[in-house]
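So the sequence lines, in the order shown, correspond to chains W and U. Under our numbering, the residues of the first sequence are numbered 1 to 369, in order. Under our numbering, the residues of the second sequence are numbered 1001 to 1396, in order. From the three backbone atoms N, C-alpha and C, an ideal C-beta is built for every residue, glycine too. Computed from a predicted structure; not experimentally measured. Inspection log for the structure reproduced underneath, given as structure tokens.
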Amino acid sequence: MKIAMIGWEYPPYKVGGLGTHCYGLTHGLADKNVQIDFYMPKLRQKVASDNKNINIIEVGETTIFPYDRPDDKELGGRFFDAVYRYNDLVVQRVKGRYDVIHCHDWLTMKAAVQLKETLGVPLVLTVHSTEYDRSGWIYPNQWFIDIEKEGMQKADRIIAVSEFTKRVIVEKYGINPNKITVVHNAVYPIGEGEKKNLVLFLGRLTIQKGPEFFLKSAKKVLEYEDARFVIAGMGDMLPKLIEQAVHLGISNKVIFTGKLTEEEVQHIYQISSIYVMPSVSEPFGITALEAISAGTPTIVSKTAGVSEVLKNCFRVDFWDTDEMANKIIALLRYQSLHETMRQSSKREIQLFTWDRVAEKTLAVYRGLM
Amino acid sequence: MPSICMYFEVHQPFRLNHFSVFNIGHTHDAHSTYFNHHLNQKIFEKVASKCYLPTNNLLLDLIRQYDGRFRISYSLTGTFVEYCEKYLPELLESFKELFNTGAVDLIEETYFHSLSGLYDDLDEFEDQVKMHQKMIKRVFNYKPKVFRNTEAIYDNRIAQKVASLGYKGIITEGTERILGWRSPNFLYKPTNTNLKVLLRNYKLSDDIGFRFSSRNWPGFPLTADKYANWMSNSFGDVINLFMDYETFGEHQWTETGIFEFLRHLPGEALKHESLDFATVSEAVERYNAVGDLDVPWAISWADEDRNVSTWLGNNMQIACFNELKDIGQKLKRKGDRDLLYVWRLLQTSDHLYYISTKGFEDGTVHAYFSPYEAPYDGFINYMNILQDLKEKAESR
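What follows is the structure, encoded as structure tokens:
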């Protein structure tokens, strides 16, 4: 079986869960003897394949990223053009005989739809997030929604990363639920390090990820327990968050790391004692699995897709900063809680393997052939 | 000829309010802030209408119909009786009516359905047994002869204590761990004291309690005549069918046919010459012990493990348990009766049960009974309340 997979990012150069997913999925499939041509943009550093069944093909250069918003200043009005141009490049570049075209998220959807027609092969679309998620459900941009909707309509099968995302696809995009398969994400375990007294937020600093709720909780925690709060990642909210920390009077307890390398991310997971994911909207949330695999008990937003399948974690409403603080304090204060949760959650995530993701994805491919 | 000994556990815990760290040290009246009276009343009334009242009525009819040949036993916890007196006195009247038929026996236990039998010394255990004894005397004017510890938790030490308190029999689980090749359908004697031990026939009991409505069980559908046949083919002196009272109408819903099963059970059983019914006291009087039981480590009737790991299986549970014991010593020195009562309500084993993190199969059973989303939430809530109580115990 041969798959043309149209992706965006691929480790070690990645920004979000999409890159992690593509790496895990392609390797899981390759182990099942599926051949994959992985199409992605040309980067400054060359990305090399480490598996004989995976062939990485660079399409061309581009200036856009999947998490960009069209109001980003440096892109301005050229954003839409840049997207169309890259999609044209993809259509020109993808050649050969494939059994399935597999596309991830909005950015290359136009190309995927066109390829499905020119090559006459079925199209599978994995939805890692929708415009509603990325906008935090505040003023979603119709331009993205239209692209996503067309892709979802034209795709032969859709894979959603959670039941939550499946519901969004059905309710917001009007797609037939029978064509959607839910495949929850997985994790390559990181391994434990020596814990410091750190409470971690890790993710893009955008409305979607809810970093301001993390800071509000931090303020409440610090009235009772001592700890340091780490905000790891970059995003348009950074200046606002720095200001918020000053206003709350906790700037001496909050560390902003800026952008971290892959190794630094692993290290920060390992030394943190609690991970908090207060996302307003989170289709899945692989970072929760990564944190747990590093022995870090985790508090996730109830909206997160991962909370559908992960039992050994705390689930809170992202806006309920009292409850979030209550749980952080308890984890800092009660060693028995921290210890029990660390052990049980680590045991539980052994079930979240990329082999299982590949198995379920393969079943979707087979259903189309 | 085996006697069928049916016994029902009737219990309700006082579930807790949401209690966050921010509440610690800011409560005035412990009783009204710790316990979720609204939720508790709601659950109690729901279970009463689905289970307690219809089952009581049915059993009363059956006892009359078979003219006392159908005989049963109950244990009512102190907290359950408090619920009745507070919210539904007619339910307690219904239990009195059952008792007054003469075909119903009552069993002793710790008033608070607690784990005090596992404390380092058994003073608190004895206090709670005596509280239960006093309550049964007051409500039913009766003194039970048979004892059953919380969730059938049993070891040599508990047996000895119970014998010293004057009971003739004690109930526990008929697990192979203490029986080996021997049958639960006989009475036994603790190796270290003079007492008769009634052992739950877990296979036949769980056929009703757990498997009754399970479609992938070979015994499905379970009818009263089939079940009576199984019992008449059993060998031994007694068949001890011990189960939660909520089996009827709550764990097994009305729609499963559980009430129809119960309605026909006495008639079908009494068709067999070899079968009759006995209360626990009668079983203890009628039969002799056939062998010794040596139980140095505590067993119970819970989960697959049949030990105390359901309540003390993880570090969170052990931390709470130790905290609970520690607070008790402080409160006893302080001598505050109201706080002592609150502390005892917090000893009800359910609070620790909600914190169990045991495996998936057992875990689903736990989840069904728990007011919390996850054991970790249960821990935080319970531990926060214990911290608040500790502050009160330490203050003057």
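What distance in whole Å lies between the Cβ atoms of residue j and residue i, which are believed to be in contact at a cut-off of 8 Å?
| i | j | result |
| --- | --- | --- |
| THR1310/U | ALA1298/U | Wrong, their Cβ atoms sit about 11 Å apart, outside the cutoff. |
| ILE268/W | LEU260/W | 7 Å |
| SER1370/U | SER1114/U | At roughly 18 Å, the Cβ-Cβ gap does not stay under 8 Å, so SER1370/U and SER1114/U are not in contact. |
| LEU1122/U | LYS1161/U | 5 Å |
| VAL1284/U | ILE1107/U | About 11 Å separates the two Cβ atoms, so there is no contact after all. |
| TYR365/W | ASP99/W | 7 Å |
| SER1116/U | GLN1347/U | 6 Å |
| ASN312/W | SER345/W | 4 Å |
| LEU248/W | LEU200/W | Contact doesn't hold; Cβ gap of about 18 Å is too wide. |
| TYR13/W | VAL59/W | At roughly 15 Å, the Cβ-Cβ gap does not stay under 8 Å, so TYR13/W and VAL59/W are not in contact. |
| LEU1092/U | TYR1052/U | With 8 Å as the limit, LEU1092/U and TYR1052/U do not qualify as a contact, their Cβ atoms being about 10 Å apart. |
Determine which residues share a DSSP beta bridge with residue i and list them.
| i | result |
| --- | --- |
| ILE64/W | Bridge partners of ILE64/W: none, in fact. |
| LEU125/W | CYS103/W and ILE158/W |
| LEU1241/U | MET1006/U |
| GLU1090/U | Answer is none; GLU1090/U lacks a bridge partner. |
| GLN1133/U | In the DSSP output, where bridge partners are listed per residue, GLN1133/U has none listed. |
| LYS2/W | GLN35/W |
| PRO1190/U | LEU1293/U |
| MET277/W | VAL300/W |
| GLN1252/U | PHE1248/U |
| PHE1277/U | ILE1004/U |
| LEU200/W | VAL230/W and TYR275/W |
| LEU89/W | Per DSSP, none; premise fails for LEU89/W. |
| ILE1299/U | TYR1154/U |
| PHE1035/U | LEU1016/U |
| MET40/W | GLU58/W |
| SER1114/U | THR1348/U |
| PHE1147/U | GLU1108/U and ILE1170/U |
| TYR1142/U | TYR1142/U pairs with nothing; no bridge assigned. |
| TYR10/W | TYR13/W |
Under DSSP, the beta strand (DSSP E) around residue i begins and ends at which residues?
| i | result |
| --- | --- |
| PHE256/W | 254–258 |
| THR181/W | 180–182 |
| LEU1198/U | 1196–1200 |
| SER1073/U | 1072–1076 |
| THR1172/U | 1169–1173 |
| ASP1105/U | 1104–1106 |
| LEU1400/U | Within the shown structure, residues of chain U are numbered from 1001 to 1396, placing residue 1400/U beyond reach of any answer. |
| ILE231/W | 228–232 |
| ILE56/W | 54–58 |
Where does the unbroken alpha helix (DSSP H) through residue i begin, and where does it stop?
| i | result |
| --- | --- |
| ALA1152/U | Here ALA1152/U belongs to no alpha helix (DSSP H), and DSSP marks it neither H nor E. |
| LEU218/W | According to the sequence shown, residue 218/W is Ala rather than Leu. Here the alpha helix (DSSP H) through ALA218/W covers 211–222. |
| VAL316/W | Segment 314–316 is the beta strand (DSSP E) holding VAL316/W; no alpha helix (DSSP H) there. |
| TYR1227/U | 1224–1232 |
| LYS1390/U | 1375–1394 |
| ASP1326/U | 1315–1334 |
| HIS1011/U | No alpha helix (DSSP H) holds HIS1011/U; DSSP gives it neither H nor E. |
| TRP1311/U | 1309–1312 |
| GLN114/W | 109–115 |
| GLY1267/U | 1258–1270 |
| THR261/W | It is not in any alpha helix (DSSP H) - THR261/W carries neither H nor E in the DSSP assignment. |
| LYS172/W | 163–173 |
Quick one: which residues of the segment 93–111 of chain W get their C-beta closer than 8 Å to a C-beta of chain U? List them in chain order. none
Using 8 Å as the threshold, is the segment 1147–1155 of chain U in touch with the segment 1256–1272 of chain U, meaning 3 or more CB pairs across them? no
Can we say the segment 1375–1386 of chain U touches the segment 1042–1051 of chain U, given the rule of at least three CB pairs closer than 8 Å? no
Along the segment 1299–1316 of chain U, what residues have a CB closer than 9 Å to any CB found in chain W? ASN1314, ASN1315 and MET1316
What residues from the segment 1003–1021 of chain U come within 8 Å of chain W, judged by C-beta to C-beta, listed N to C? SER1020 and VAL1021
Between the segment 341–363 of chain W and chain U, which residues of the former have a C-beta closer than 9 Å to a C-beta of the latter? MET341, GLN343 and SER344
Are at least three pairs of beta-carbons, each pair with one atom in the segment 205–215 of chain W and one in the segment 238–245 of chain W, less than 8 Å apart? yes
For the segment 303–327 of chain W, which residues have a CB atom closer than 9 Å to at least one CB atom of chain U, in sequence order? LYS311, ASN312, CYS313, PHE314, ARG315, ASP322, GLU323, ALA325, ASN326 and LYS327
In chain order, what residues of the segment 1333–1357 of chain U put their CB closer than 7 Å to some CB of chain W? THR1357
With a cut-off of 8 Å, do at least 3 Cβ pairs link the segment 100–118 of chain W to the segment 77–91 of chain W? yes
Please list, in chain order, the residues of the segment 1371–1382 of chain U that have any C-beta partner in chain W closer than 9 Å. GLU1373, ALA1374, PRO1375, TYR1376, ASP1377, PHE1379 and ILE1380
Measuring CB atoms only, is the segment 159–171 of chain W touching the segment 124–133 of chain W, in the sense that at least three cross pairs come out at less than 8 Å? yes
Taking 8 Å as the threshold, find out whether the segment 294–307 of chain W comes into contact with the segment 187–196 of chain W through three or more Cβ pairs. yes
Between the segment 1207–1220 of chain U and the segment 1228–1244 of chain U, can you find at least three pairs of beta-carbon atoms closer than 8 Å? yes
For the segment 40–60 of chain W, which residues have a beta carbon sitting closer than 7 Å to at least one beta carbon of chain U? none
For the segment 1318–1331 of chain U, list every residue whose C-beta sits within 9 Å of some C-beta in chain W, in sequence order. ILE1318, ALA1319 and CYS1320
Using 8 Å as the Cβ pair cut-off and three pairs as the minimum, do the segment 352–366 of chain W and the segment 1219–1239 of chain U touch? no
Between the segment 324–343 of chain W and the segment 1020–1034 of chain U, do at least 3 Cβ pairs fall closer than 8 Å? yes
Any 3 or more C-beta pairs closer than 8 Å across the segment 1194–1204 of chain U and the segment 1324–1336 of chain U: no
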